[in-house]
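What follows is a set of notes on a single structure, which appears directly below.
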Amino acid sequence: MLQFIVLGLFAGSIYALASLGIVLTYKTTGVFNFAYGGIAMFCAYVFWQLRDGWGLDQWIAIPLLLLVIAPLLGLILELLFRLLSQQSAEVQIVVCLGVLAFFTTIVNLVFVRHPDDSVRNLSTVFSHGSFGLTSNVSVTWNEAGTFILAIVMGLGLYAMQRWTRLGTAMRAVVDNRDLAGLIAVNARTIGRAAWIISTVFAAVAGVLLSVQENLVTYVLPFLVIYSFAPAVFGRLTNLGLAFAGSLTLGLTINILQKYGSSGSLAKFETSLPYLALFVLLVVYGKRLTEVKSSLRATTSRAVADPWRGYVVGAVALILALVLGPQVFADSTVGALAQAMAYGVVAITVVVLTGWTGQISIAQMSFAGVGAFTTAHTVASLGALYFPLGVLFGILIAVPVSLLVGIPSLRLSGLFLALATMAFALVMDSIVFASASISGGLTGLDLTEAKLGPISFDTATSQYYLCAVALGVTGLFALWLRHGPVGRRLQMVRDSPNAAATLGASLTVTKLAVFAACAAIAAVGGALLAVTQQTVIPANFSFDTSLQLLLVVVIGGRTLISGAVIAAGFYVVRLLPVPATVNKYLPLGIALAVIAIAQEPDGIGRVMLNQFQKSAALLYRIGRRPRTPVAGRTSSPQAVRPSV
Amino acid sequence: MTALLELDGVSVSYGSMKALSDVSLVVPEGCVVALLGPNGAGKTTTLRTISGLVRPERGHIRFRGRSIDRLAPHRVSSLGILHVPEGRGIFRSLTVAENLEMATYALRGAADSRSVVEQALDMFPALRDRLRQAAGTLSGGEQQMLAMARAFAAGPELIMLDEISMGLAPKITEQLFDTIRTAAASGVSMLLIEQYVDAALELADYCYVLEKGRVVGVGQPEDLRDSDALAAAYLGAGVA
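Line by line, the protein sequences are chains A and B.
This note's numbering numbers the first residue of the first sequence as 1 and each following residue consecutively.
This note's numbering numbers the first residue of the second sequence as 1001 and each following residue consecutively.
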């Protein structure tokens, strides 16, 4: 038992460092750092490169990392998020997720050149070896060192906050930002200090974690997400509670390990931090304090998709529908079919993120529900029961979405994003990881699907199926937007208080939209299953939900065309494009999301503006009289169409 | 008599709403200037604009001849313009001592925090017993004393007080006014907003009357006391 307590305190102290860093930037600047895991991992790799790669002495590498590189990184992040302070909260969250994607991809590009590099050892920074605590319990110097370092750093941060001039000023800014300015405290300097300290903590946590878990690109960021739960436990503002929560979490996980290292309890272990995060968000609900000091309230520009755009879109879709299979090779048609299925899921992101201001990082999880349910139904009942499988998928996805949605409704913006993130990770680690549900890593097969007499076993038939589904989903989304539901949602987005005083209780509306989006995502998942013919858990992981959100944001989260552009990104990955394109595409996506502050409405909006300009120009040219009529001056302004 | 602070044709809007239009006023060195006027006249906005919390649309603000209308609040306050905002200008979660120590940020020149705290406590001895207490647990009067103590301890060039008497018992208000009188006698320049017009007229060397974001009257208290402009501003044009 004592051995497990030792391990628990050791693991907990790493989570503690991470959660302290997260809480510090949140309470001082109002930015919840979703990218923390990515930053921690990046720093760990930098340390590896300095010490093991280039062979620098450890006592040169550590100061270089903690006193130069990490603070510099902190300064860059501070600058980035200060530039974003004029944007709405959603944009800030999305950019933060973009930063996460950036760090995970940059590590893969820079440090993992060869597949063999994907798992690397990082030897401890402390002495090797161990000492005996009792006759049969031994503690390695690494564990002891980590624990002591965490305590020292935690106490140091506490002492800094409590007794130094900077710490007092930091608490003053947290307390009342405007007032701090009125007595000559520069909130920007304070924010910079918070970012620097937080990034240094990330670097330390990253290195310590990598010593324990090795340098593995696809594991480290998730382990740092473990510390989100204790951070929320401290209501994102209380350093002491976050620290205590982290140790408790470490202890709980390791003591569980003592009792059940196999079976369902083992799965529970890995997902416990995510479950804890979800439960804490639900339990705390409205009592969580949202630090808004540096944020502007969500405002939407009055944008109306012009009907002209819809007509052009519809014509293009119908043309593509008819011509596609005739023009392209079979493999391309198959890729397009998959992309359209993906587009169906992407539309739900547009509806949620763009129109209702709810950030969901779990849409691919809902798609996975649809995909696996359909695959199981078809496998046990036969290809003819494909529609029934889709229906089952919807019937499961809707209650599940209510489970996520009902508690999350009390939360807003950031907290809904956290709740969906926790949900997606729970799905990954419990549901999709269960071989009986998902068929393990290799997944399930879905080789044949039928709708009555029509069989979807060729690329062309799949193509038509997905095209129809995409069209119907698009129309449904438009109805949601322009119908009574859309007006209600717009009201909430623009002014939640005003909407409430008008008696518009949106709880049910929002919940209904969330559930509808889950249902549509489930259908999209079933279509993906049909087009891919196998259903693999990795295709419906948290990562894919995150990617989906990012590409939709780039495409334009307020426009249907944003979803279409997102589907376009998906096609690129399937087509035989040069390897470098596939290699650098994720990096490009991450960078584009980080740059999205310039045009929060994405590529779709830019294209639409161009389209409207050229349409207006054409219109003007068309209307211009060949010969000026006497007594009438033709001014371009006079005939400019209203767009 | 030189102008310490000068507003020249300052206009401010909140969105489409005009809060100040073409406000010009002067605070001479060593004088107490009061802003009078009904609710919504733009008094608070004037102070917020001077301290940099609100950006003027048009016009200039000069402090000792230097333009300050583009400076961030922390820059303005480090010039020695200390603004005690409406409500209680304190950090509720910090202790009283910490609140007072924050004054050192506004001090140009080195001064250790202890002497600053001492100076503030001399002004309001009642705070001495409360140093370790969280400021949010003080009574309303004590909170206001704390806010003023911090502003005065920072060694200000100009103090701006926004309705310090709001919500306080008359006895405490009188005590705060005494402090203002003492400070004024020692030559501290002040710009203040006060709901008790008589008190304001008694404290001030000059008064400006604002109405709907415009300056509608200016003068020495004795001239204004019975003037039509003041009554009109508060009671409506018809009365005059």
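The beta carbon of each residue, even a glycine, is placed where N, CA and C say it ideally should be.
The segment 1173-1191 of chain B contacting the segment 1021-1032 of chain B, beta-carbon criterion three pairs below 8 Å: Enough Cβ pairs lie closer than 8 Å, so yes.
Inter-residue Cα distance where the pair is Gln644/A and Ala498/A: There is simply no residue 644/A to check, as chain A begins at 1 and stops at 643 in what is shown.
Nearest-angstrom Cβ-Cβ length linking Ile594/A and Gly98/A, presumed shorter than 8 Å: 5 Å
Of the residues Phe415/A, Arg82/A, Thr458/A and Cys96/A, the one placed nearest Ala592/A, counting alpha carbons only: Cys96/A
Sufficient close CB pairs (3 or more, under 8 Å) joining the segment 21-28 of chain A to the segment 238-247 of chain A: Output reads yes: the segment 238-247 of chain A touches the segment 21-28 of chain A.
Per DSSP, the bridge partner or partners of Ser455/A: Per DSSP, the beta bridge partners of Ser455/A are Lys450/A.
CB-CB length for Ala379/A against Leu317/A, believed under 8 Å: Incorrect: roughly 33 Å between the Cβ atoms, too far for contact.
Exposure of Asn33/A, with buried meaning 16 or more beta-carbon neighbours within 10 Å: Counting the other Cβ atoms within 10 Å of the Cβ of Asn33/A gives 16 or more, which makes it buried.
Members of the segment 219-241 of chain A that neighbour chain B once the beta carbon cut-off is set at 8 Å: Nothing from the segment 219-241 of chain A brings a Cβ to less than 8 Å from some Cβ of chain B.
Ser19/A, buried or exposed, once every other Cβ within 10 Å from all chains shown has been counted against 16: buried
Contact set between the segment 174-194 of chain A and chain B, restricted to residues whose Cβ is under 9 Å from the partner: Val174, Asp175, Asn176, Asp178, Leu179, Ala180, Gly181, Leu182, Ile183, Ala184, Val185, Asn186, Ala187, Arg188 and Thr189
Residue closest to Arg1150/B, alpha-carbon to alpha-carbon, out of Ala1041/B, Ile1081/B, Leu1047/B and Asp1228/B: Ile1081/B
Limits of the unbroken alpha helix (DSSP H) element including Gly191/A: Ala187 to Glu213 is the span of the alpha helix (DSSP H), which, as asked, contains Gly191/A.
8 Å Cβ cutoff met for Tyr1234/B and Val1218/B: Contact: no.
Contact set for Ala302/A: own chain, Cβ-Cβ below 8 Å, skip 5 residues either direction: Residue placement at Ala302/A is flagged as unreliable, the pLDDT there being 47, under the threshold of 50; the coordinate-derived value follows with that caveat. Once the five neighbours on either side are set aside, Ala302/A has no close Cβ partner at all.
Anticipated Cβ contact below 8 Å, Gly1140/B with Leu1168/B, distance rounded: 6 Å
Leu122/A vs Ala44/A beta-carbon contact at 8 Å: yes
Chain B contact for Thr168/A (CB, 8 Å cutoff): yes
Alpha-carbon to alpha-carbon, Pro230/A and Asp116/A: 34 Å
Own chain, CB closer than 7 Å to Phe1204/B, minus 5 neighbours either side, in chain order: The displayed chain sequence assigns Ala, not Phe, to residue 1204/B. These residues qualify, in order along the chain: Val1032, Val1033, Ala1034 and Pro1221.
Residues in the segment 1083-1104 of chain B having any Cβ partner in chain A nearer than 7 Å: His1083, Pro1085, Gly1089, Phe1091, Arg1092, Ser1093, Leu1094, Glu1098, Glu1101, Met1102 and Ala1103
Contact check, Leu157/A vs Ser13/A, beta carbons under 8 Å: no
Cβ of Ala159/A within 8 Å of any chain B Cβ: Closer than 8 Å: no.
Proximal residues to Leu548/A (C-beta, below 8 Å), its chain only, five neighbours per side dropped: Tyr342, Val345, Ala346, Val349, Gln363, Met364 and Ala566
Met1166/B - DSSP class collapsed to helix/strand/coil: coil
Limits of the alpha helix (DSSP H) - the one that Arg1075/B falls within: Element bounds for Arg1075/B: Pro1073 to Ser1078.
C-beta neighbour in chain A for Leu1004/B, strict 8 Å: no
Three-state class that DSSP yields for Pro1221/B in the structure shown: helix
Proximal chain A residues relative to Ser1189/B, where beta-carbon distance stays under 7 Å: Chain A residues near Ser1189/B: none, gap ~17 Å exceeds 7 Å.
Unbroken alpha helix (DSSP H) run spanning Gly37/A, endpoints: Tyr36 to Trp48
Backbone secondary structure at Asp330/A - three-state DSSP: helix
Identity of the residue in Ser429/A, Asp428/A and Val404/A nearest Ala417/A by Cα: Val404/A
Beta-carbon proximity of Phe243/A to Gly154/A, cut-off 8 Å: yes
Beta strand (DSSP E) runs contained entirely in the segment 106-186 of chain A, provided each spans 3 or more residues: 130-132 and 138-140
Residues of the segment 1045-1058 of chain B with Cβ closer than 8 Å to any Cβ of chain A, in chain order: Ser1051, Gly1052 and Leu1053
CB contact check: Arg1150/B to chain A, cutoff 8 Å: yes
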